Amino acid sequence: MTDTLLDIAMMHADNLIARAKGGDQNAQGKVVQLWYKRIYNFSYKFFLDHDLAMEVSQKTFISMCKNLPALQENARFKSWLYKIAVNYCREEVRKKKGSRSLSFDVVWNRDAEDSPKWESSSHRFDNPESQLQQRELSDVLQAALLELNDEQREVVIMKEYEGLKFREIADVLNISENTVKSRMYYGLDGLRKILERKNINKETIGYGL
Amino acid sequence: MGYKASENDLIAYLYGELEGKDKEALEQHLLENAEARMELERLQVLRHTLGHVKDKEVIAPTIFVGDNKQRFFWNAPYFKTIVSIAASLLIILMVGKFSDLQVGYSNGELKISFGGVPEVKQLETTPPNPSLTSTEVQEMINASLNQNNLAMQATWTETQKQLDASIVKNLAVNSAKIDNLVRESSAASQAQIREFVSGMHSENMQLVKNYFQLTSSEQKQYIESLLVDFAKYLQQQRNDDLQVVQTQLKSLEQNTDVFKQETEQILTSIISTVGNKNSLGAKN
Chain A
0 MTDTLLDIAM
10 MHADNLIARA
20 KGGDQNAQGK
30 VVQLWYKRIY
40 NFSYKFFLDH
50 DLAMEVSQKT
60 FISMCKNLPA
70 LQENARFKSW
80 LYKIAVNYCR
90 EEVRKKKGSR
100 SLSFDVVWNR
110 DAEDSPKWES
120 SSHRFDNPES
130 QLQQRELSDV
140 LQAALLELND
150 EQREVVIMKE
160 YEGLKFREIA
170 DVLNISENTV
180 KSRMYYGLDG
190 LRKILERKNI
200 NKETIGYGL
Chain B
0 MGYKASENDL
10 IAYLYGELEG
20 KDKEALEQHL
30 LENAEARMEL
40 ERLQVLRHTL
50 GHVKDKEVIA
60 PTIFVGDNKQ
70 RFFWNAPYFK
80 TIVSIAASLL
90 IILMVGKFSD
100 LQVGYSNGEL
110 KISFGGVPEV
120 KQLETTPPNP
130 SLTSTEVQEM
140 INASLNQNNL
150 AMQATWTETQ
160 KQLDASIVKN
170 LAVNSAKIDN
180 LVRESSAASQ
190 AQIREFVSGM
200 HSENMQLVKN
210 YFQLTSSEQK
220 QYIESLLVDF
230 AKYLQQQRND
240 DLQVVQTQLK
250 SLEQNTDVFK
260 QETEQILTSI
270 ISTVGNKNSL
280 GAKN
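This is the structure we're talking about:
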């Protein structure tokens with residue numbers, strides 16, 4: 000579903016990006032509209048924080064509009080855009096490291112806030128609404144994702160949720176395709192272990208659904 | 000083939016990005032190796048699980064683009080400087096336009112002026128002006144000459160009239176005097192003088208008339224001289240007349256003296272003759 004949407008977006012984008020590069024502000028606006036959700040969701044999954052995700056997205060698109068004329072190949076727009084987003088994400092991570100205790104607090108508080116849901120999900124009552132269940136599962140999965148290290152997390156998000164090809168991810172991160180695949184493998188392996196620890200498996204998901 | 004390589008291939012295969020020989024090799028490997036199949040299945044399950052994470056809906060801030068635009072154009076230092084320069088240039092142009100500022104360099108002189116075009120025109124037109132006015136001046140001169148001529152004519156006619164009047168008066172006086180003198184003198188001489196004078200008068204009148212007719216025709220200078228001559232002439236005439244009258248009177252006196260002497264002689268002779276006759280008579 001997301002893949003096809005992205006394909007359509009890309010189709011449009013080729014023409015649109017050419018115009019946006021030429022300084023067409025309308026086209027730039029459309030590019031932003033088209034990609035905002037993707038970049039936001041990427042950074043949201045990376046931080047599991049709406050404010051940080053919004054900040055990174057805005058910075059990314061400001062940078063995009065500024066530097067669009069410098070983009071060499073329109074075909075590489077997608078990886079170029081993600082590269083900007085990844086850099087801003089890393090910048091935010093560096094900031095967070097500067098105030099480590101706070102960051103842990105944020106994570107901790109977030110978990111605390113979500114705790115009632117956690118409880119409900121762990122108890123797995125027989126009659127929860129499927130939508131709520133799904134939200135819960137989504138939250139659990141995203142929390143699990145957050146437990147991966149940054150390198151694995153960004154690769155997993157880009158591959159699994161943003162549908163970038165390994166070659167594109169390698170381009171974004173400036174690393175070899177094999178390294179990307181390796182990180183992907185260990186990322187998935189890590190996730191599996193985390194989910195196992197959280198007692199989430201095929202059966203529980205099936206039950207939840 | 001190491002396990003590492005197939006691990007990467009497995010991941011690529013999982014996402015459908017393994018192609019050609021590698022794909023075939025991996026599929027072969029999967030058929031042969033149960034553990035690898037298990038691994039792939041676990042990964043597929045995981046992928047399925049991960050697929051439950053839904054995208055968060057987010058509305059791209061529409062202001063964002065506008066904001067972006069503004070940041071682009073208003074915050075760009077180049078744009079600012081260019082706009083400020085353009086604005087100041089525009090102001091200078093506007094001020095120049097409204098104050099009609101003229102800056103020009105020609106014939107080695109720099110001219111900066113407000114509303115200079117008419118000035119320049121004036122400067123340019125001043126040289127032709129004298130040439131224009133020269134004719135005007137000529138006209139003016141002509142007009143003033145005409146005026147002077149008219150005034151002169153007027154004064155001349157006035158003086159002519161005055162002279163005329165004075166001449167007439169003088170003539171009248173002279174003629175009256177002469178008349179008186181002539182009346183006092185003998186009838187013959189009186190008649191002679193009267194005739195002479197009247198002749199003179201009429202002649203003079205004719206002459207003066209002719210003169211006036213001549214003077215009325217544009218020879219004013221000539222008229223003046225003529226008038227002067229005429230006055231002189233009249234004076235001469237009068238003097239002559241007076242001399243004539245004097246000589247006449249002298250001759251009359253002489254005549255009368257002679258007449259007296261003659262009468263005395265006659266009387267003495269008569270007396271002597273009468274005396275002689277008486278003495279003779281007495282003697283005789």
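Those sequence lines, one after another, are chains A and B. If you count the first sequence from 1, position 202 lands on 201 in numbering that gives the first Met the number 0, and the numbers rise without skipping. If you count the second sequence from 1, position 222 lands on 221 in numbering that gives the first Met the number 0, and the numbers rise without skipping. Ideal Cβ positions, reconstructed from N, Cα and C, are used throughout, including at glycine. As the structure is a prediction and not an experimental result, all values here were calculated from the model.
query, result
"C-beta neighbour in chain B for A/Tyr39, strict 8 Å", "yes"
"A/Thr59, buried or exposed, once every other Cβ within 10 Å from all chains shown has been counted against 16", "buried"
"Contact the region 78-87 of chain A vs the region 166-173 of chain A: 3+ CB pairs below 8 Å", "yes"
"Element boundaries [beta strand (DSSP E), containing B/Glu108]", "Glu108 to Phe113"
"A/Ser42 vs A/Ser62 beta-carbon contact at 8 Å", "no"
"Interface partners of B/Ile81 on chain A, CB under 9 Å", "Within 9 Å Cβ-Cβ: nothing; B/Ile81 doesn't reach chain A, min ~16 Å."
"Complete alpha helix (DSSP H) runs within the region 26-97 of chain A (minimum length 4 residues, chain order)", "49-66 and 76-97"
"C-beta neighbour in chain B for A/Met157, strict 8 Å", "no"
"Nearest residue (CA-CA) to A/Thr178, options A/Arg166, A/Asn40 and A/Lys20", "A/Arg166"
"Stretch-stretch touch, CB-based, cutoff 8 Å, three pairs: the region 36-44 of chain B with the region 10-19 of chain B", "yes"
"Unbroken stretches of the beta strand (DSSP E), 3 residues or longer, contained in the region 33-103 of chain B", "none"
"CB of A/Ile193 within 8 Å of CB of A/Glu153, strictly", "no"
"Those runs of the alpha helix (DSSP H) which lie wholly inside the region 149-217 of chain B and span at least 4 residues", "186-215"
"Outcome for B/Gly19 when other beta-carbon atoms lying within 10 angstroms are tallied against a minimum of 16", "exposed"
"Candidates A/Asn148, A/Gly21 and A/Ala26, of which the one nearest A/Leu15 by Cα", "A/Ala26"
"Range of the contiguous alpha helix (DSSP H) that encloses B/Lys20", "Gly19 to Glu31"
"Proximity below 8 Å, CB of B/Ile46 to CB of A/Glu135", "Residue identity differs from the one stated: residue 46 of chain B is Arg in this sequence, not Ile. Contact flag unset, no."
"B/Ser215 versus B/Glu261: straight-line alpha-carbon distance, rounded", "59 Å"
"Closer than 8 Å to chain B by CB, A/Ser181", "yes"
"Assigned exposure category for A/Gly21 - 16 Cβ within 10 Å defines buried", "exposed"
"Per-residue contacts from A/Asn177 into chain B (C-beta, under 8 Å)", "Asn7"
"Continuous alpha helix (DSSP H) stretch holding A/Ser175: start and end", "Element bounds for A/Ser175: n/a, residue is neither H nor E."
"Min CB distance B/His51 to chain A below 8 Å", "yes"
"Residues in the region 18-37 of chain A having any Cβ partner in chain B nearer than 7 Å", "Gln24, Gln27, Gly28, Val31, Gln32, Tyr35 and Lys36"
"Positions along the region 8-40 of chain B whose CB lies within less than 9 Å of some CB in chain A", "Asp8, Leu9, Ile10, Ala11, Leu13, Tyr14 and Glu16"
"Per-residue burial, B/Asn32 [other beta carbons within 10 Å of its own, 16 or more giving buried]", "exposed"
"Classification of B/Tyr104 by the beta-carbon crowding that lies within 10 angstroms, buried from 16 upward", "exposed"
"Alpha helix (DSSP H) segment containing A/Asp23, residue limits", "Where A/Asp23 is concerned, there is no enclosing alpha helix (DSSP H), given that its DSSP letter is neither H nor E."
"Among A/Ala17, A/Asn148, A/Glu54 and A/Ser137, nearest to B/Leu49 - alpha-carbon criterion", "A/Ser137"
"Any chain A beta carbon closer than 8 Å to B/Leu42", "yes"
"Neighbouring residues, chain B, relative to A/Arg152 (Cβ below 7 Å)", "Under the 7 Å cutoff, chain B gives no residues; its nearest Cβ is about 12 Å from A/Arg152."
"Extent of the continuous alpha helix (DSSP H) to which A/Glu150 belongs", "Asp149 to Val155"
"Beta-carbon spacing of B/Asn147, B/Arg237 below 8 Å", "no"
"B/Ser184 vs B/Leu248 beta-carbon contact at 8 Å", "yes"
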